[in-house]
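Participant: Per the working numbering, residue 218 is the first one in the sequence shown, and the count goes up by one each step.
We treat Cβ as the ideally placed atom computed from N, Cα and C, and that holds for glycine.
Note that the structure is predicted; figures quoted are calculated from it, not measured.
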Amino acid sequence: MPQGGAFISLEGIDGSGKSTQARLLADALRRAGFPVALTREPGGSPGAEEIRRLVLEGDPDRWSAETEILLFTAARRDHLERIIGPALARGEVVITDRFADSTRVYQGVTRGDLGGMVDRLHDLMIGVEPDLTILIDIDPQTGLARAVARKGTEQRFEDMGAEMQTRMRAAFLSLAQGNPRFAVIDGGRSAEAVAADVLAHVLAHLDRI
Ligand code: ADP
Ligand code: TYD
Numbered sequence: 218m219p220q221g222g223a224f225i226s227l228e229g230i231d232g233s234g235k236s237t238q239a240r241l242l243a244d245a246l247r248r249a250g251f252p253v254a255l256t257r258e259p260g261g262s263p264g265a266e267e268i269r270r271l272v273l274e275g276d277p278d279r280w281s282a283e284t285e286i287l288l289f290t291a292a293r294r295d296h297l298e299r300i301i302g303p304a305l306a307r308g309e310v311v312i313t314d315r316f317a318d319s320t321r322v323y324q325g326v327t328r329g330d331l332g333g334m335v336d337r338l339h340d341l342m343i344g345v346e347p348d349l350t351i352l353i354d355i356d357p358q359t360g361l362a363r364a365v366a367r368k369g370t371e372q373r374f375e376d377m378g379a380e381m382q383t384r385m386r387a388a389f390l391s392l393a394q395g396n397p398r399f400a401v402i403d404g405g406r407s408a409e410a411v412a413a414d415v416l417a418h419v420l421a422h423l424d425r426i
């Protein structure tokens with residue numbers, strides 16, 4: 218991975234406010250004069266957006282758990298090669314709405330215990346972590362209500378229900394525990410209050426590099 222720039226991911230359960238916060242953060246950093254690349258997963262590059270459609274639409278049993286991990290990882294590899302890597306090489310601040318922690322949590326937890334396979338494939342094919350990960354933590358009922366209100370054709374994962382969202386929230390918090398890459402932020406407040414907190418963490422990080 219080329220040096221330069223800063224690599225920031227936003228993570229959290231569905232409806233936690235990641236996309237909203239990614240956009241607000243990009244706007245605030247651009248106003249402050251930083252060159253910013255705002256992107257998302259699954260997707261972010263043309264090829265990965267095609268894979269996004271394959272994994273998020275259609276029958277919930279469309280793919281086996283193992284095939285699903287391969288598809289998410291293939292999408293991430295393309296995203297990294299074509300969008301994230303080049304933006305970092307240009308010295309940009311890359312903000313991605315989800316990255317590998319989503320695979321660790323969703324594929325590691327929701328489809329049986331496949332955490333070991335996720336980690337090995339990550340090491341083999343991706344091999345990089347964000348410099349800073351903002352985990353937007355939210356009560357699953359609130360997240361689910363927001364995600365359902367938004368609705369759309371990409372319902373495969375949001376149909377998983379409150380019990381699964383609770384397990385995924387716990388899995389995200391457990392990844393963050395004791396890992397200095399993470400900042401955990403309370404997402405159960407107004408978008409503006411959350412955004413101020415996110416920006417403070419990011420500016421503190423950018424000051425240090
Ligand atoms: P995610 O990307 O984590 O799924 P979104 O940013 O798309 O979350 O937010 C889900 C829905 O909740 C959207 O309709 C959005 O407008 C709304 N929303 C986002 N942040 C907040 C907030 N802090 N308070 C209330 N509603 C919010
Ligand atoms: P996203 O568009 O971020 O959904 P939302 O805005 O509702 O949070 O992601 C779509 C779904 O893809 C989401 O339910 C999580 C899932 N996902 C995985 O299962 N594994 C992954 O590696 C990624 C990146 C996403």
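What residue does the alpha helix (DSSP H) around residue 226 start on, and which one ends it?
Facilitator: Taken as a continuous stretch (DSSP letters only), residue 226 belongs to no alpha helix (DSSP H), being part of the beta strand (DSSP E) at 223–228.
Participant: For residue 386, is the beta carbon positioned less than 7 Å from some heavy atom of the ligand ADP?
Facilitator: no
Participant: What does the alpha-carbon distance come out to for the pair residue 316 and residue 251?
Facilitator: 21 Å
Participant: Inspect the beta-carbon positions of residue 239 and residue 314 and report whether they are closer than 8 Å.
Facilitator: yes
Participant: Is DSSP giving residue 401 helix, strand or coil here?
Facilitator: strand
Participant: Helix, strand or coil for residue 293, going by three-state DSSP, please let me know.
Facilitator: helix
Participant: With a threshold of 8 Å, are at least 3 pairs of Cβ atoms found where one atom belongs to the segment 315–332 and the other to the segment 265–278?
Facilitator: With the cut-off at 8 Å, the segment 315–332 and the segment 265–278 do not touch.
Participant: Between residue 250 and the ligand ADP, is there a pair consisting of the residue's CB and a ligand heavy atom that are separated by less than 7 Å?
Facilitator: Residue 250: no, Cβ never under 7 Å from the ligand ADP.
Participant: Report all residues from its chain with a CB closer than 6 Å to the CB of residue 300; omit the five preceding and five following residues, and keep chain order.
Facilitator: 256, 261, 262
Participant: Following a CB-centred definition, is residue 315 positioned closer than 7 Å to any heavy atom of the ligand TYD?
Facilitator: yes
Participant: Nearer than 7 Å: is that true of the beta carbon of residue 401 relative to any heavy atom of the ligand ADP?
Facilitator: No, the beta carbon of residue 401 sits no closer than 7 Å to any heavy atom of the ligand ADP.
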